[in-house]
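Reviewing the structure listed below.
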Amino acid sequence: VKVRRSGLRHMDQRESRRQKKKEKKGQRQGPEENYLGPKMADTRTLDSAIQQALDNMLQVMKSSFEALKRDSLDPIQKAVDQLNQRLDAQDVKVKELGEAVEEQADAQTVAALEVDGLKERQRRLLDRVEELENRVRRNNLRMVGLPEGAEGADAAAFVADLLKQLMGAEAFPRPLELEGAHRVQARQGRLGGPPRPMVIRFHRFVDKERVLQWAKSARSSAWNNSVLRIYQDLSQEVARRRAAFKNVKEVLFKKHVKFGLLFPARLWVTHQGQHHYFSEPEEAMDFVRDLGLVPKGGPKDAS
C-alpha cells in the first residue's frame, strides 16, 4: 500500500510539473503573439500598397504602349493600307491588261488566219494569171540566135520565109501564116553581144506545133554563119522553173536517157521501160545519182 501511495504521489508530482511547464510556456508565448500581431498587419498593408503601385505601373505601361502604338504603328498601318489599295488597283489594271492581251492575241490569230487565206487566194490568182499568160503565149515560139536587123522591116514575112528554108516548103501543106514577129523588149547588149530573141506568133496552133517538133528533133540549125534555136514561148516564171532542170537534162542527154518536160515545169524520165516524173529538180538529181549516172558529190541542184 505504501508503494502504491508513493507511486501515486510521484505521478501527481509529474503531472504538477507538467502543468507548471505548460503555464510557463503559455506565459512566454503570450507576449510574443502580442508582439507579432502589429507586424503582420503592417506586412499586409505593405503588400497592398505594393500591389497598388504595381497596378498603377501596369496601367501607365499600358497607356504608354497604347500611345506608342497610336503614334508609331498607326502611320505604318495607314501606309500598309494605302499600299494594299495600290496593289488592288494594280491587280485590276493587270487583269485589264491581261484581258486586253488575250483580245489582242485573238485578234492576231484571226488576222493570221485571214492573212493565210489571202496568201492562198493570192497564190491561186497568181496561178490563174500564170495560166492565162501562158495560154496567150500558146501559139508563140522564140527564135534565139538570129542576128539583130536581119529581119528587116517586115519581120513576120522574113521569119515565114526563113522557116520554109530551114524546114523545107513541103513541111507546110498550106501557106504558113504568122500573126506577127518581134524582138523581145529588152535593151540590146553591147556591140558583139548576143542578139535579142525573136518572138513568133503563129495563126494556127498546128503550124506552131509542127515547127516546135522539128526544132526539138533538129535542136539547132545553121543560117548565115549563125546557130538558130527555137523554143516554146513561156512566161518568165514558167521559164525559170523549167530552167531549173538544166543540169539534170544535161546529164540525161549525155547518158542517152530519154526525157522531156511537161507543161508547166514537170520533168519526165524513161528508164528501163518505166516512166518517172519530177516536179522539183532536187528530186530529179537524186534519182539520177541513184541510177549512178553522176558520181556522189556531183551537181547538187539545177540552179
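Here the sequence shown stands for residues 15 to 317, numbered as in the numbering used here.
Each residue gets a CB set at the ideal place from its N, CA and C atoms; glycine is no exception.
Note that this is a predicted model, so its numbers are computed, not measured.
How would you write the range of the beta strand (DSSP E) that residue i sits in, first residue to last?
i	result
Ala236	235-237
Phe273	272-276
Ser231	Element bounds for Ser231: not the beta strand (DSSP E) but the alpha helix (DSSP H), 219-232.
Glu193	192-197
Leu281	280-285
Leu242	240-246
Val308	Note, Val308: premise wrong, no beta strand (DSSP E); not H, not E.
Arg215	212-216
How would you write the range of the alpha helix (DSSP H) that residue i sits in, first residue to last?
i	result
Ala169	169-181
Phe292	Note, Phe292: premise wrong, no alpha helix (DSSP H); beta strand (DSSP E) at 288-292.
Ala257	250-257
Lys263	260-268
Exposed or buried, residue i, counting other C-beta atoms within 10 Å across all chains shown (16 or more means buried)?
i	result
Met212	buried
Glu47	Any reading at Glu47 needs caution, since the residue's pLDDT is 47, under 50, leaving its predicted position unreliable; the model's value is listed next. By the 10 Å Cβ count, Glu47 comes out exposed.
Met71	exposed
Asp318	Residue 318 lies beyond the residue range present for the chain, which begins at 15 and ends at 317; the question has no answer from this structure.
Ser78	exposed
Ala103	exposed
Ala183	exposed
Arg138	exposed
Pro295	buried
Val302	buried
Leu190	buried
Leu60	exposed
Ala119	exposed
Ser86	exposed
To which residues of the same chain is residue i closer than 8 Å at the C-beta, ignoring the five residues directly before and after it?
i	result
Arg195	Reading off the sequence shown, one finds Ala at residue 195, where the question assumed Arg. Here the set comprises Glu165, Ala169, Ala170, Phe172, Val173, Met212, Val213, Ile214, Arg215.
Arg233	Arg243
Lys107	none
Lys178	Ala185, Phe186, Leu190
Can you list, in chain order, the residues of its chain with a C-beta nearer than 7 Å to that of residue i? Leave out the 5 residues immediately preceding and following it.
i	result
Glu153	Checking the sequence shown, residue 153 turns out to be Asn, not Glu. Result list for Asn153: Arg215, Phe216, Phe219, Lys222, in chain order.
Ile64	none
Leu305	His285
Ala279	Val252, Arg255, Arg256
Pro161	Pro209, Ser240
Ala81	none
Give me, in chain order, the residues of the same chain whose beta-carbon lies closer than 6 Å to that of residue i; leave out the 5 immediate sequence neighbours on both sides.
i	result
Ala298	Val262, Leu281, Phe292
Tyr245	Arg156
Measuring only the C-alpha atoms, how far is residue i from residue j?
i	j	result
Asn148	Ser249	6 Å
Glu117	Leu127	15 Å
Arg254	Phe277	13 Å
Glu29	Arg58	42 Å
Phe186	Leu176	13 Å
Tyr49	Arg32	In this predicted model, Tyr49 has a pLDDT of only 48, less than 50, meaning its place in the structure is not dependable; the value taken from the coordinates is given anyway. Their backbone Cα atoms lie some 26 Å apart in a straight line.
Lys7	Val241	In the structure as shown, the chain starts at 15 and stops at 317, and residue 7 therefore has no counterpart that could be examined.
Gln227	Asp130	42 Å
Gly159	Gln122	54 Å
Arg135	Gln199	31 Å
Ser317	Arg197	Confidence at Ser317 is low in this model, with a pLDDT of 42, below 50, so the placement of that residue is unreliable and no value is reported for it.
Glu113	Asp141	42 Å
Practice task
Give, in chain order, every unbroken run of the alpha helix (DSSP H) that is at least 4 residues long and sits entirely within the segment 132-167.
Solution key: If we require 4 residues or more, the segment 132-167 turns out to have no alpha helix (DSSP H) run fully inside it.
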